[in-house]
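**Q** Before anything else, here's the structure in question.
Residue numbers (my numbering): 284 to 488.
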């Protein structure tokens, strides 16, 4: 089964852009776990902004830059761990747990947006969690994590950015539901791919 396109495939290029920031982190002694924790905190901040502003326009428009920073931190934590030789099983578990928690605290607050179908949003979040768990199960079974698309972590973040922008521009509920339905379907394909597709070395490994 061919590997479907995913934003994860451009990770090496994205990491190269972050090299100046990586040097700063190494110089200042910032740990990989600290970057992971910061990404989780920023995700919680984004979700809190939605909840406490009652999904105000400014809070919705905060998601794109916050998501970009979160993805940068997610890329940096792995780079720092490899450069400093501090990659550990405990660190990996913390990283994977923080990624899932970041999704939950950033995406579930969108349930208060009146034009978003709550059942579809919960389905989107749940299938996203299952997609990540499917990748981790391959690690347990085969010793290598599966990163197959088409809707991995980075793609899911981009999908939520698209969703929040659509809400910001007053997109009708039917279109939002259609987008969420498409994202759920792509998650299901991702789960299947991560469960059965041939494993390949991750980009930037």
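Ideal Cβ placement from N, Cα and C applies to all residues, glycine included.
Roughly how far, in whole angstroms, is the beta-carbon of residue 349 from the beta-carbon of residue 325, given that I think they are within contact range, below 8 Å?
**A** Walking along the chain shown from the start, residue 349 turns up at place 66. Walking along the chain shown from the start, residue 325 turns up at place 42. Their Cβ separation, rounded to whole angstroms, is 6 Å, which keeps residue 349 and residue 325 in contact under 8 Å.
**Q** What did DSSP end up calling residue 407 once you bin it into helix, strand or coil?
**A** Taking the chain shown and counting its residues from 1, one reaches residue 407 at position 124. Helix, per DSSP.
**Q** Residues in the same chain with beta-carbon distance under 7 Å from residue 389, minus the five sequence neighbours each way, listed in chain order, please.
**A** Position 106 of the chain shown holds residue 389. These residues qualify, in order along the chain: 326, 329, 330.
**Q** Quick test of the definition: if touching needs 3 or more C-beta pairs under 8 Å, does the stretch 404-422 touch the stretch 461-472?
**A** With a cut-off of 8 Å, the stretch 461-472 and the stretch 404-422 count as touching, because enough Cβ pairs lie within range.
**Q** Quick check on DSSP: helix, strand or coil for residue 337?
**A** Working through the chain shown from its first residue, we reach residue 337 at position 54. Note: residue 337 maps to coil in three-state DSSP.
**Q** So what's residue 357 in DSSP terms, helix, strand or just coil?
**A** As a first step, residue 357 is located in the chain shown; it is residue number 74 there, counting from the start. Three-state DSSP puts residue 357 in a helix.
**Q** To the nearest angstrom, how far is the alpha carbon of residue 339 from that of residue 466?
**A** As a working mapping, residue 339 is identified with position 56 in the chain shown. As a working mapping, residue 466 is identified with position 183 in the chain shown. Approximately 24 Å, taken between the alpha carbons.
**Q** List the endpoints of the continuous alpha helix (DSSP H) containing residue 439.
**A** In the chain shown, the residue the question calls residue 439 occupies position 156. Segment 436-451, the alpha helix (DSSP H) holding residue 439.
**Q** Let me confirm a value: residue 302 is counted as buried when at least 16 other C-beta atoms fall within 10 Å, else exposed. Which label applies?
**A** The sequence position of residue 302 within the chain shown is 19, counting from 1. Answer is exposed; the Cβ neighbour count stays below 16.
**Q** Is the stretch 344-360 touching the stretch 316-325, taking contact as three or more C-beta pairs under 8 Å?
**A** Yes, since at least three Cβ pairs between the stretch 344-360 and the stretch 316-325 fall closer than 8 Å, the two stretches touch.
**Q** Could you check if residue 372 is buried or exposed, using at least 16 other CB atoms within 10 Å of its CB as the buried criterion?
**A** Against the chain shown, residue 372 aligns to sequence position 89. Exposed is the call here.
**Q** Tell me whether residue 477 is buried or exposed, calling it buried when 16 or more other Cβ atoms sit within 10 Å of its Cβ.
**A** Taking the chain shown and counting its residues from 1, the one referred to as residue 477 is at position 194. Counting Cβ neighbours within 10 Å, residue 477 comes out buried, since at least 16 surround it.
**Q** Starting from residue 474, trace the alpha helix (DSSP H) both ways and give me its first and last residue.
**A** Taking the chain shown and counting its residues from 1, one reaches residue 474 at position 191. Element bounds for residue 474: 456-479.
**Q** Just the Cα atoms here: how many angstroms apart are residue 450 and residue 346?
**A** Locating residue 450 in the chain shown gives position 167, counting from the first residue. Locating residue 346 in the chain shown gives position 63, counting from the first residue. The alpha-carbon atoms of residue 450 and residue 346 are separated by roughly 12 Å.
**Q** Nearest-angstrom Cα distance between residue 463 and residue 419?
**A** Taking the chain shown and counting its residues from 1, one reaches residue 463 at position 180. Taking the chain shown and counting its residues from 1, one reaches residue 419 at position 136. Computed Cα separation, rounded: 24 Å.
**Q** Taking the C-alpha atoms as reference points, what is the distance between residue 315 and residue 305?
**A** The count along the chain shown starts at 1 and reaches residue 315 at position 32. The count along the chain shown starts at 1 and reaches residue 305 at position 22. Straight-line Cα distance between these residues: approximately 11 Å.
**Q** DSSP three-state call for residue 427: helix, strand or coil?
**A** As a working mapping, residue 427 is identified with position 144 in the chain shown. Here residue 427 sits in coil by DSSP.
**Q** Take the Cβ of residue 416 as the centre, count every other Cβ of all protein chains shown within 10 Å, and call the residue buried at 16 or more, exposed below.
**A** On the chain shown, residue 416 is found 133 positions in, with the first residue counted as 1. Burial call: exposed.
**Q** Less than 9 Å separating the beta-carbons of residue 396 and residue 351?
**A** For the purposes of this step, residue 396 is taken as residue 113 along the chain shown, with counting starting at 1. For the purposes of this step, residue 351 is taken as residue 68 along the chain shown, with counting starting at 1. The answer is no: Cβ separation not under 9 Å.
**Q** So what does DSSP say about residue 374, is it helix, strand or coil?
**A** Numbered from its first residue, the chain shown carries residue 374 at position 91. Residue state, collapsed to three classes: helix.
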